[in-house]
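From first to last, the protein sequence lines are chains A and B. Just so we're aligned, residue 1 is where the first sequence starts under UniProt numbering, counting upward by one. Just so we're aligned, residue 1 is where the second sequence starts under UniProt numbering, counting upward by one.
Protein chains: 2
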Amino acid sequence: MKIVLDGMGGDNAPGAIVKGAVEAAKLIKHDIYIVGRKEDIEAELKKSKFKGKNIKIVDAREVITMDDSPVKAIRRKTESSMVVGLTMVKDGQGDIFISGGNTGALVVGARMILGRIEGIDRPVLASIYPCLGGEPSLLVDAGASSEAKAQNLLEYGLMGSIYMEKVWGRQQPKVGLVNLGIEESKGTSVTKDAYQQLKAASINFIGNVEAREVPVGACEVIVCDGFVGNVILKLTEGVAWNILKLIKNKLMRNVKNKLAALMLKSDLKSMKQEFDYEEYGGAPILGVNGPVIKIHGSSGVNAVKNAILKGIPYGQENVVEIIRQSMLDLEEIIEKDEEE
Amino acid sequence: MKIVLDGMGGDNAPGAIVKGAVEAAKLIKHDIYIVGRKEDIEAELKKSKFKGKNIKIVDAREVITMDDSPVKAIRRKTESSMVVGLTMVKDGQGDIFISGGNTGALVVGARMILGRIEGIDRPVLASIYPCLGGEPSLLVDAGASSEAKAQNLLEYGLMGSIYMEKVWGRQQPKVGLVNLGIEESKGTSVTKDAYQQLKAASINFIGNVEAREVPVGACEVIVCDGFVGNVILKLTEGVAWNILKLIKNKLMRNVKNKLAALMLKSDLKSMKQEFDYEEYGGAPILGVNGPVIKIHGSSGVNAVKNAILKGIPYGQENVVEIIRQSMLDLEEIIEKDEEE
Numbered sequence: 001m002k003i004v005l006d007g008m009g010g011d012n013a014p015g016a017i018v019k020g021a022v023e024a025a026k027l028i029k030h031d032i033y034i035v036g037r038k039e040d041i042e043a044e045l046k047k048s049k050f051k052g053k054n055i056k057i058v059d060a061r062e063v064i065t066m067d068d069s070p071v072k073a074i075r076r077k078t079e080s081s082m083v084v085g086l087t088m089v090k091d092g093q094g095d096i097f098i099s100g101g102n103t104g105a106l107v108v109g110a111r112m113i114l115g116r117i118e119g120i121d122r123p124v125l126a127s128i129y130p131c132l133g134g135e136p137s138l139l140v141d142a143g144a145s146s147e148a149k150a151q152n153l154l155e156y157g158l159m160g161s162i163y164m165e166k167v168w169g170r171q172q173p174k175v176g177l178v179n180l181g182i183e184e185s186k187g188t189s190v191t192k193d194a195y196q197q198l199k200a201a202s203i204n205f206i207g208n209v210e211a212r213e214v215p216v217g218a219c220e221v222i223v224c225d226g227f228v229g230n231v232i233l234k235l236t237e238g239v240a241w242n243i244l245k246l247i248k249n250k251l252m253r254n255v256k257n258k259l260a261a262l263m264l265k266s267d268l269k270s271m272k273q274e275f276d277y278e279e280y281g282g283a284p285i286l287g288v289n290g291p292v293i294k295i296h297g298s299s300g301v302n303a304v305k306n307a308i309l310k311g312i313p314y315g316q317e318n319v320v321e322i323i324r325q326s327m328l329d330l331e332e333i334i335e336k337d338e339e340e
Numbered sequence: 001m002k003i004v005l006d007g008m009g010g011d012n013a014p015g016a017i018v019k020g021a022v023e024a025a026k027l028i029k030h031d032i033y034i035v036g037r038k039e040d041i042e043a044e045l046k047k048s049k050f051k052g053k054n055i056k057i058v059d060a061r062e063v064i065t066m067d068d069s070p071v072k073a074i075r076r077k078t079e080s081s082m083v084v085g086l087t088m089v090k091d092g093q094g095d096i097f098i099s100g101g102n103t104g105a106l107v108v109g110a111r112m113i114l115g116r117i118e119g120i121d122r123p124v125l126a127s128i129y130p131c132l133g134g135e136p137s138l139l140v141d142a143g144a145s146s147e148a149k150a151q152n153l154l155e156y157g158l159m160g161s162i163y164m165e166k167v168w169g170r171q172q173p174k175v176g177l178v179n180l181g182i183e184e185s186k187g188t189s190v191t192k193d194a195y196q197q198l199k200a201a202s203i204n205f206i207g208n209v210e211a212r213e214v215p216v217g218a219c220e221v222i223v224c225d226g227f228v229g230n231v232i233l234k235l236t237e238g239v240a241w242n243i244l245k246l247i248k249n250k251l252m253r254n255v256k257n258k259l260a261a262l263m264l265k266s267d268l269k270s271m272k273q274e275f276d277y278e279e280y281g282g283a284p285i286l287g288v289n290g291p292v293i294k295i296h297g298s299s300g301v302n303a304v305k306n307a308i309l310k311g312i313p314y315g316q317e318n319v320v321e322i323i324r325q326s327m328l329d330l331e332e333i334i335e336k337d338e339e340e
């Protein structure tokens, strides 16, 4: 398997990207292709003193920056690490592309270069959502499009279910629709339609889910539009970090509690880790003709390493092909329904 | 001032309502009118051994239940405590109405019986949002309508600002629009329009606010549609309670930490209190011709007492009149703009 890595994407590129690749390369036999300015990647590789043979460099002279306009950047910077990397996956020279670069450009680039899977109206960025004291869920849409039609929400549920099953090994993952209440009749016209479509699909749809239940893993695939998804991700982070901060402050308030603080330090640290996106291997773009993973712009060595390791099943499990097949099956069902 | 209380609304009615009224009546000189089945209220009042003269009973034979359909209930149950209480405010026999009954019916009843303030397209339920380690904010819309037009979001910002200034004593309260990012260009067509309208209004609009900043009180009036508002309220609750639960469990895990647990017990308890809606005196309905406050269906004695005490400035400060005037001013500005 060939893993393609954007060597120039993110705040810590190429240093952290190369170091993360080296850490992963020591653990796996697959080839890792780092795309970017050859001399920069080589210099970093030399620093790492890596002796293995499974890291290769693909020269790409341009870099898409965080300030670049997505569509323009993909069209004009044809020699950029991002465009070159995505093209490798398109041409079968790579099995998965991983990037910490400009999110908008990566989503647009994936759509333009790899193309949408037949039957999919809108590819989407999904995000791993850290649940409290349990296994993480998948949130779709994580903020790619602020609005969604019922059909888009159906697609998010289908693709998310396939991804969690094939990549995370979940059996019949529970798919839930974020809504105002659990009753079928709740919500907007869009969520009401989406409810009916998700209910009819061949997935384990558990119905509407209230936001209160999301952090405890009530569903493994959290379906919502990108506006709500953005609120869920950022609010969870805001509430969690601030509570931990408050607790720390309360602990430090007086001498009596300083003792308790010391005792609790390791517990709080482990809780912070549960909220650490770096542990989870990045966010998949679903609905395009090839596996693509977005990692945070601020990703460090560990995040890059984890994205590579967690990316392997996404590259190997034919997720794209299974999504394509499920969309064809869905069309057949709809056509049959219409004939009857 | 005459405070009108729905004696039959909520899970703990009439017991907790009467007890809460008694606790409040001991502290204030205003009259409290409890509306409901006379014999039931009298029996509860007798139990409380209250000797004051500022609690009065208004007989109302019907009760609107949680299962009643809002519009039907308001139209048909004309002898219900809710309809009788709202009518008292409409007729000037009461200055504020407080109810823990069916939320939908209360919102519909307020609109139908008191009527919308001239110029207001949509009255709304606002909710006090407990910020972490700081003063609470006001969230508008708290879930009354799942969708909103730009004009509605403008109204929410205006009314919320007036409410926080007059009832909570905030000077030029900071009004923020919940959005995907802080840039003016972010969000849906609705949030983009709302941004421009809020920016032009005579309020302290601080621009877009990301969900991450909401729990730390980045703005004192949080403007969003009811779907997003519902997600913010419920997710905050879900994340906060579950983190506190996790911490408690981690503390209890071993003997070493049991000591720490004892030391921290009071700290955790005080944090829980910060999230306790009972402390904040209920949720105002804004945009109708009279002050109305919704308290939780599960409200206990303390919640009822606080709602009465916090309700006093809402009843006294002419909030309704100020909202009406600000809508007239707004119309003048718009007309002037159009003439130019």
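Just so it is clear, CB atoms sit at the ideal spot from N, CA and C, and this is done for glycine as well.
Supposed close pair residue i, residue j - CB separation, criterion 8 Å
{"i": "A/Ile57", "j": "A/Ala25", "result": "With 8 Å as the limit, A/Ile57 and A/Ala25 do not qualify as a contact, their Cβ atoms being about 13 Å apart."}
{"i": "B/Val223", "j": "B/Gly176", "result": "7 Å"}
{"i": "B/Tyr133", "j": "A/Leu246", "result": "At residue 133 of chain B the sequence reads Gly, which differs from the Tyr that was named. 5 Å between Cβ atoms; contact."}
{"i": "B/Ala16", "j": "B/Val301", "result": "5 Å"}
{"i": "B/Val221", "j": "B/Met271", "result": "B/Val221 to B/Met271, Cβ: 24 Å. No contact."}
{"i": "A/Gly52", "j": "A/Asn289", "result": "Actually they are not in contact, since the Cβ atoms of A/Gly52 and A/Asn289 sit about 31 Å apart, beyond 8 Å."}
{"i": "A/Lys250", "j": "A/Leu268", "result": "About 12 Å; that fails the 8 Å criterion."}
{"i": "B/Ala105", "j": "B/Asp59", "result": "Contact flag wrong, Cβ pair sits at about 20 Å."}
{"i": "A/Glu79", "j": "A/Glu62", "result": "4 Å"}
{"i": "B/Ile113", "j": "A/Ile243", "result": "Not really, about 41 Å apart at Cβ, beyond 8 Å."}
{"i": "B/Ala240", "j": "B/Leu125", "result": "Not confirmed; about 21 Å, so no contact."}
Own chain, CB closer than 6 Å to residue i, minus 5 neighbours either side, in chain order
{"i": "B/Gly101", "result": "Asp6, Gly9, Ile64, Met82"}
{"i": "A/Gly85", "result": "Val4, Asp6, Val35, Phe97"}
{"i": "B/Gly20", "result": "Val301, Val304, Lys305"}
{"i": "A/Ala43", "result": "none"}
{"i": "A/Met66", "result": "Asn102"}
{"i": "B/Ala95", "result": "The amino acid occupying residue 95 of chain B in the given sequence is Asp; Ala does not appear at that position. Excluding sequence neighbours, B/Asp95 sits near Met1, Lys2, Gly315."}
{"i": "B/Asp193", "result": "Ala150"}
{"i": "A/Ile323", "result": "Ile117, Met159, Ile162"}
{"i": "B/Lys199", "result": "Phe205"}
Beta-carbon proximity of residue i to residue j, cut-off 9 Å
{"i": "B/Val4", "j": "B/Lys294", "result": "no"}
{"i": "B/Leu235", "j": "A/Leu180", "result": "no"}
{"i": "A/Val214", "j": "A/Tyr156", "result": "no"}
{"i": "A/Asp91", "j": "A/Ala148", "result": "no"}
{"i": "A/Ser127", "j": "B/Gly187", "result": "no"}
{"i": "B/Gly315", "j": "B/Met88", "result": "no"}
{"i": "B/Ile308", "j": "B/Ile41", "result": "no"}
{"i": "B/Gly281", "j": "B/Met159", "result": "no"}
{"i": "A/Thr191", "j": "A/Leu154", "result": "no"}
{"i": "A/Ile285", "j": "A/Pro70", "result": "no"}
{"i": "A/Gly217", "j": "A/Glu335", "result": "no"}
{"i": "A/Asn12", "j": "A/Ala142", "result": "no"}
{"i": "A/Ser202", "j": "A/Asp31", "result": "no"}
Cut-off 7 Å between Cβ atoms - residues of its own chain near residue i, not counting five sequence neighbours on either side
{"i": "B/Met327", "result": "Ile117, Glu118, Gly119, Ile120"}
{"i": "B/Gly109", "result": "Ile74, Met82, Val83, Leu86"}
{"i": "A/Cys219", "result": "Ser137, Lys174, Val175, Gly176, Ile206, Val209"}
{"i": "A/Gln172", "result": "Asn204"}
{"i": "B/Val228", "result": "Val178"}
8 Å Cβ shell around residue i - same chain, five flanking residues per side excluded
{"i": "A/Glu317", "result": "Lys166, Val167"}
{"i": "A/Ser48", "result": "Val18, Lys19, Val22"}
Cβ-heavy atom distance, residue i to the ligand FMN, below 8 Å
{"i": "A/Val221", "result": "This structure lacks the ligand FMN, and indeed carries no ligand of any kind."}
For the region 192-213 of chain A, enumerate the residues whose C-beta is nearer than 9 Å to any C-beta of chain B, in chain order.
Glu210, Ala211, Arg212, Glu213
I'd like the ranges of any alpha helix (DSSP H) spanning at least 4 consecutive residues and lying wholly in the region 164-229 of chain A.
189-200
Using a Cβ-Cβ cut-off of less than 8 Å, give me the residues of the region 124-147 of chain B that come near chain A, in sequence order.
Leu132, Gly133, Gly143, Ser146, Glu147
Below 7 Å between beta carbons is the criterion; list the residues of the region 222-238 of chain B that meet it against any residue of chain A, in chain order.
Cβ contacts with chain A: Phe227, Val228, Asn230, Val231, Ile232, Lys234, Leu235, Thr236, Glu237, Gly238.
In chain order, each beta strand (DSSP E) run of at least 3 residues that lies wholly inside the region 82-155 of chain A
96-99, 124-129, 137-140
Members of the region 160-186 of chain A that neighbour chain B once the beta carbon cut-off is set at 8 Å
Val178, Leu180
Against chain A: residues of the region 65-88 of chain B by CB proximity under 9 Å
none
Taking only beta carbons into account, state which residues of the region 90-103 of chain B come closer than 8 Å to chain A, listed in chain order.
Hits within the stretch: zero.
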